[in-house]
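These notes are about the structure you will find just below.
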Amino acid sequence: MNQNLAIEYEPEQIEAFDVRRAMEEASRCLLCEDAPCSKGCPAGTDPAKFIRSIRFRNINGAAETIRENNILGASCALICPYERLCEQACSRCGIDRPIQIGKLQQFAMEHERKYNKTYLTKEDTYTGKRVACIGAGPASLSCAAELARKGVEVTIFDEHKKPGGMLRYGIPPFRLPDAVIDQDISQLEKLGVKFELNHKVTPEELEQLKKEYDSVFVGAGLWKPKKLSIPGSDLQGVVTALEFLAQARENHGEMAPLGHVVIIGGGDVAMDCAATCKYLGAASIYDVFIETLEGAPAVQREKDYVFKIGIPLISEFKPIEFIGNGKVERVKFEHMTNGSTMELVADTVILAVGQTTREDAASWKESEDIFTGGDMVNGGDTVVRAVKEGKEAAAKIMESFK
Ligand SMILES: Cc1cc2nc3c(=O)[nH]c(=O)nc-3n(C[C@H](O)[C@H](O)[C@H](O)COP(=O)(O)OP(=O)(O)OC[C@H]3O[C@@H](n4cnc5c(N)ncnc54)[C@H](O)[C@@H]3O)c2cc1C
Ligand code: SF4
Numbered sequence: 001m002n003q004n005l006a007i008e009y010e011p012e013q014i015e016a017f018d019v020r021r022a023m024e025e026a027s028r029c030l031l032c033e034d035a036p037c038s039k040g041c042p043a044g045t046d047p048a049k050f051i052r053s054i055r056f057r058n059i060n061g062a063a064e065t066i067r068e069n070n071i072l073g074a075s076c077a078l079i080c081p082y083e084r085l086c087e088q089a090c091s092r093c094g095i096d097r098p099i100q101i102g103k104l105q106q107f108a109m110e111h112e113r114k115y116n117k118t119y120l121t122k123e124d125t126y127t128g129k130r131v132a133c134i135g136a137g138p139a140s141l142s143c144a145a146e147l148a149r150k151g152v153e154v155t156i157f158d159e160h161k162k163p164g165g166m167l168r169y170g171i172p173p174f175r176l177p178d179a180v181i182d183q184d185i186s187q188l189e190k191l192g193v194k195f196e197l198n199h200k201v202t203p204e205e206l207e208q209l210k211k212e213y214d215s216v217f218v219g220a221g222l223w224k225p226k227k228l229s230i231p232g233s234d235l236q237g238v239v240t241a242l243e244f245l246a247q248a249r250e251n252h253g254e255m256a257p258l259g260h261v262v263i264i265g266g267g268d269v270a271m272d273c274a275a276t277c278k279y280l281g282a283a284s285i286y287d288v289f290i291e292t293l294e295g296a297p298a299v300q301r302e303k304d305y306v307f308k309i310g311i312p313l314i315s316e317f318k319p320i321e322f323i324g325n326g327k328v329e330r331v332k333f334e335h336m337t338n339g340s341t342m343e344l345v346a347d348t349v350i351l352a353v354g355q356t357t358r359e360d361a362a363s364w365k366e367s368e369d370i371f372t373g374g375d376m377v378n379g380g381d382t383v384v385r386a387v388k389e390g391k392e393a394a395a396k397i398m399e400s401f402k
């Protein structure tokens, strides 16, 4: 792996608590009745219950609670925006600071990994039912795990060579290492879920799958990057965030020199691109977006991190032209309110301005014989929301079998 990409991302954030720190943190918990933290988790991971277990030194019990409620417990521990979900809801916010719920979840999941534990079992009911899930992202993985536990035979189809969807091909490895995704996937394999990888399902094949299986779930995500309709958009060197991040991950950071980079967008995807460029040794990096600094949609933790590693964030400017001769050389911007302009030198421009549904998945809507969930339904949100929607779809599928 490229040495730069191997640099640890904010060790404080990715290193797990040791037992002493976990106990100290869990002992700060107020053991609230009707706990707001548990209500704050879309997937129902139930932090109040697993923190109580940690506090009473029942780490197995904690890990079991997490796994039962959230099949992506290990990944979510690292990348969930808990500061605006469970931690924001924590009662200790009113006293001093919230319990570090994500770190405690990571501690319990690390225990599972270290001692090679398996907590989930299949219910002893053979349904004789078979379900096909399209896409191996969080929504499908969550739906598949719920169904498999209830005795359904599940096959997941995905066009990529490894399962995980955006966990694997979007979120960079310094925030979410492959080993953590593999830990979550191994739980599905133990439940007997089968994976058909390198297999892109066409609309025609989907019709066939509907006949072959008792039910079909589609969690195809948003895989069509949005582009900008401004002069110079087709110049060489103007790439989309998804292309860039996937290439960096696939090539283990071995890429052609990026030179001077301008990133366009103020969301988490833009921040991930910015940090990746830094690790890949770009000559200079600017991230420019149309929102104010506070209004930019990236979570504060990511904005702070990017700022801390020395990447300037330029707010309230929109790109109006990519300038160059065959290859991009500069980007021209206009201020959102006062109309002033600026130009930045650029050898690489990364567009992180959102994704939408790809043409092949556009017609796959929830209907009598198709269940759906995740980004393609909610317009793009979080892993934990996709997990929630996958669980809900599984419940509907089970209901349809009655
Ligand atoms: C760069 C980046 C950073 C992010 N950071 C975070 C974060 O820190 N925290 C967070 O909670 N969320 C984050 N997200 C969002 C999160 O990754 C998504 O909300 C989540 O992955 C959505 O899950 P999903 O199952 O709906 O879709 P996806 O994860 O997109 O998975 C869909 C899968 O279906 C496959 N597929 C699509 N069509 C077909 C077909 N026809 N045949 C076969 N396979 C198909 C796709 O290739 C993909 O593997 C980030 C997203 C990106 C892009
Ligand atoms: S809300 Fe905070 S203090 Fe209360 S149970 Fe949850 S983690 Fe503990």
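Read in order, the letters of the sequence shown are residues 1 to 402 in full-length UniProt numbering.
Cβ atoms here follow ideal geometry from the backbone N, Cα and C, with glycine treated the same way.
In the displayed model, Val288 falls within a strand according to three-state DSSP. Note on geometry: alpha-carbon atoms of Gly354 and Arg385 lie some 18 angstroms from one another. Relative to the non-hydrogen atoms of ligand 1, the Cβ of Pro98 never comes closer than 7 angstroms to any of them.
Scanning the stretch 62–133 from its first residue to its last, the whole alpha helix (DSSP H) runs of 4-plus residues come out as 73–79, 86–89 and 101–114. Annotated three-state conformation of Ile311 is coil, per DSSP. In this structure, the alpha-carbon of Tyr169 lies about 22 angstroms from that of Ile285.
Annotation: the continuous beta strand (DSSP E) that includes Phe317 extends over Phe317 to Asn325.
Under the DSSP assignment, Leu245 falls in the alpha helix (DSSP H) whose first and last residues are Ala241 to Glu250.
Between Ala394 and Glu146, the C-beta gap is smaller than 8 angstroms, which places the two residues in contact.
In this structure, ligand 2 has no non-hydrogen atom nearer than 7 angstroms to the beta-carbon of Cys41.
Counting only the Cα atoms, Gln187 lies some 7 angstroms from Thr118.
For ligand 2, the residues with a Cβ under 5 angstroms from any of its heavy atoms are, in chain order, Cys29, Leu30, Cys32, Ala35, Pro36, Cys37, Ala48, Cys90, Ser91, Arg92 and Ile99. Beta-bridge partners of Phe174 (DSSP): none assigned.
Contact check for Ile320 against Asp287 fails: the beta carbons are separated by 8 angstroms or more. In this structure, the straight-line span from the alpha carbon of Asn58 to that of Ala108 is close to 10 angstroms. If you look at Lys49, you'll find it in the alpha helix (DSSP H) that goes Pro47 to Arg55. Secondary structure at Ser215: strand, using DSSP grouped into helix, strand and coil. Bridge partners of His335 according to DSSP: Phe317.
At least one heavy atom of ligand 1 sits closer than 7 angstroms to the Cβ of Cys80. With a cutoff of 8 angstroms on beta-carbon distance, Leu206 and Ile134 are scored as near each other. About 16 angstroms separates the beta carbon of Asp268 from that of Ala248, a gap too long to meet the 8 angstroms contact definition. Set against 7 angstroms, the gap from the CB of Leu167 to the closest heavy atom of ligand 1 is smaller. Per DSSP, reduced to three states, the secondary structure at Met23 is helical. The closest CA to that of Ala22, considering only Ile263, Ser142 and Gly102, is found on Gly102. The beta-bridge partner set that DSSP reports for Lys194 consists of Thr155.
For Gly265, the closest of Thr240, Glu189 and Ser53 by C-alpha to C-alpha distance is Thr240.
Look at Pro138: its beta carbon is less than 7 angstroms from one of the heavy atoms in ligand 1. Membership of Leu147 in the alpha helix (DSSP H) is indicated by the continuous run Pro138 to Arg149. Restricting attention to Ala89, Ala139 and Thr65, the CA atom closest to the CA of Glu389 is found in Ala139. Assigned with DSSP and collapsed to three states, Thr276 falls in helix. In the DSSP assignment, Val383 falls within the unbroken alpha helix (DSSP H) covering Val383 to Ser400. Ranked by Cα distance from Asn116, the first of Thr337, Gly324 and Asp182 is Asp182. Not one heavy atom of ligand 1 sits closer than 7 angstroms to the Cβ of Ile370. With fewer than 16 other beta carbons inside 10 angstroms of its own, Gln300 counts as exposed.
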